[in-house]
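These notes concern the structure reproduced below.
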Amino acid sequence: MTLTATPPSQARPVQRRPHTPSQNSVARVQKTSTYILLIAGTAVFVIPFLWMLTTSLKTAQEVLAYPPKLLPATPQFSNYPTAWTSLPFTTFLINSIIITGLSVIGNLVSCVLPAYAFARLRARTRSAMFALMVATMAIPAEVTLVPTFIMFSKLNMVNTYWPLFLPAWFGYAFFIFLLRQFFRSIPQEITDAASIDGAGHLRTLWSIFLPMSKPAIAAVAIFSFVGNWNNFLTPLIYLRTQNNFTLALGLSLFKGQYETQYNQMMAVGIISLLPILIVFFLAQRTFVEGVRLSGLGGR
Numbered sequence: 017m018t019l020t021a022t023p024p025s026q027a028r029p030v031q032r033r034p035h036t037p038s039q040n041s042v043a044r045v046q047k048t049s050t051y052i053l054l055i056a057g058t059a060v061f062v063i064p065f066l067w068m069l070t071t072s073l074k075t076a077q078e079v080l081a082y083p084p085k086l087l088p089a090t091p092q093f094s095n096y097p098t099a100w101t102s103l104p105f106t107t108f109l110i111n112s113i114i115i116t117g118l119s120v121i122g123n124l125v126s127c128v129l130p131a132y133a134f135a136r137l138r139a140r141t142r143s144a145m146f147a148l149m150v151a152t153m154a155i156p157a158e159v160t161l162v163p164t165f166i167m168f169s170k171l172n173m174v175n176t177y178w179p180l181f182l183p184a185w186f187g188y189a190f191f192i193f194l195l196r197q198f199f200r201s202i203p204q205e206i207t208d209a210a211s212i213d214g215a216g217h218l219r220t221l222w223s224i225f226l227p228m229s230k231p232a233i234a235a236v237a238i239f240s241f242v243g244n245w246n247n248f249l250t251p252l253i254y255l256r257t258q259n260n261f262t263l264a265l266g267l268s269l270f271k272g273q274y275e276t277q278y279n280q281m282m283a284v285g286i287i288s289l290l291p292i293l294i295v296f297f298l299a300q301r302t303f304v305e306g307v308r309l310s311g312l313g314g315r
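Just so we're aligned, residue 17 is where the sequence shown starts under this note's numbering, counting upward by one.
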């Protein structure tokens, strides 16, 4: 008995049953509903930004006009230099860059080590300690404001930059969790091979894990950058002298006792958003990849 295999080219194609008119209608409705939801969700985020942009180009009278107008009669581009020079915003910008830079570096250094330990080191209490760390994410930041302020006040660090970036050097539970999830996706065989070659944990972390974890590290860096750049509450609590203000805190100076310069406030607000947009668009692909591979993308 001789068996003959059927060539792939002669294999019978899979016959797909055509959709019925009712199935086509259901698919069309689902597709239309998806587009409507996406457009509505986009509008929720885009409309406030457009309102902010058009307000920054209006005169003070147009901002308070009733009924409100979406577009200015004559765009006032001079609002931008006027608003920027009305207060020491260049100093505020430098302060924000220093505090945000130190915070981002602190978060990366302090979160990588415990994330590697939770992902690779074997210890009896590892699971319990990881669960305890994750549980700390449920504690609102406002709960720790008073004891933290008392601590920094005892250390004479009020009205300095220390309280703004020093906590970042002691780890942040969410970033440790994100990095740990990514480290766990690296095959154990790679760690074993490095161990056979005589590499210790620090050498394995530096030479193998960090180069392979650029997407996750980029995601942590962007999250940290945005969070510290936009932070308003902490500088409001600790900073007293105007020259120490950050950009987010300096925006509040446009709010006077009797009137508020909304158009100038929006102009500086647009400028303060530019670093975030630049950082995000430069690292967009790496950021999305890091979030997806870390298990935060809905997998």
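Where a beta carbon is used, it is the ideal one built from N, C-alpha and C, also for glycine.
Boundaries of the alpha helix (DSSP H) in which residue i is found, first to last residue
i, result
"Gly122", "105-136"
"Trp178", "178-181"
"Ser229", "Element bounds for Ser229: n/a, residue is neither H nor E."
"Thr36", "Here Thr36 belongs to no alpha helix (DSSP H), and DSSP marks it neither H nor E."
"Tyr188", "Premise fails: Tyr188 is in no alpha helix (DSSP H) and is neither H nor E."
"Ile202", "Taken as a continuous stretch (DSSP letters only), Ile202 belongs to no alpha helix (DSSP H), as it is neither H nor E."
"Trp100", "95-102"
Coil, strand or helix - residue i by DSSP
i, result
"Gln26", "Legend: pLDDT at Gln26 = 49, less than 50; position of this residue unreliable, value from coordinates given subsequently. DSSP places Gln26 in helix when its eight states are reduced to three."
"Arg315", "Unreliable placement is indicated for Arg315, whose pLDDT of 43 sits below 50; no coordinate value is reported for it."
"Lys271", "strand"
"Thr276", "strand"
"Ala157", "helix"
"Met173", "coil"
"Leu252", "helix"
"Arg44", "helix"
"Ala81", "coil"
"Leu73", "coil"
"Thr141", "coil"
"Thr90", "coil"
"Phe261", "coil"
"Gly57", "helix"
"Asp213", "coil"
Whether residue i touches residue j by CB criterion (7 Å)
i, j, result
"Val332", "Ala235", "Residue 332 is absent from the model: the chain starts at 17 and stops at 315."
"Ala135", "Phe199", "yes"
"Val174", "Tyr254", "yes"
"Phe239", "Ala264", "no"
"Asn111", "Gln280", "no"
"Ser126", "Phe186", "yes"
"Ile224", "Ala210", "yes"
"Thr116", "Asn246", "no"
"Leu267", "Val284", "yes"
"Val79", "Tyr274", "no"
"Leu195", "Ala131", "yes"
"Phe108", "Phe261", "yes"
Expected contact under 8 Å - CB spacing of residue i and residue j to nearest Å
i, j, result
"Ile286", "Leu69", "6 Å"
"Met149", "Ala189", "5 Å"
"Tyr177", "Ile114", "7 Å"
"Ile233", "Leu124", "6 Å"
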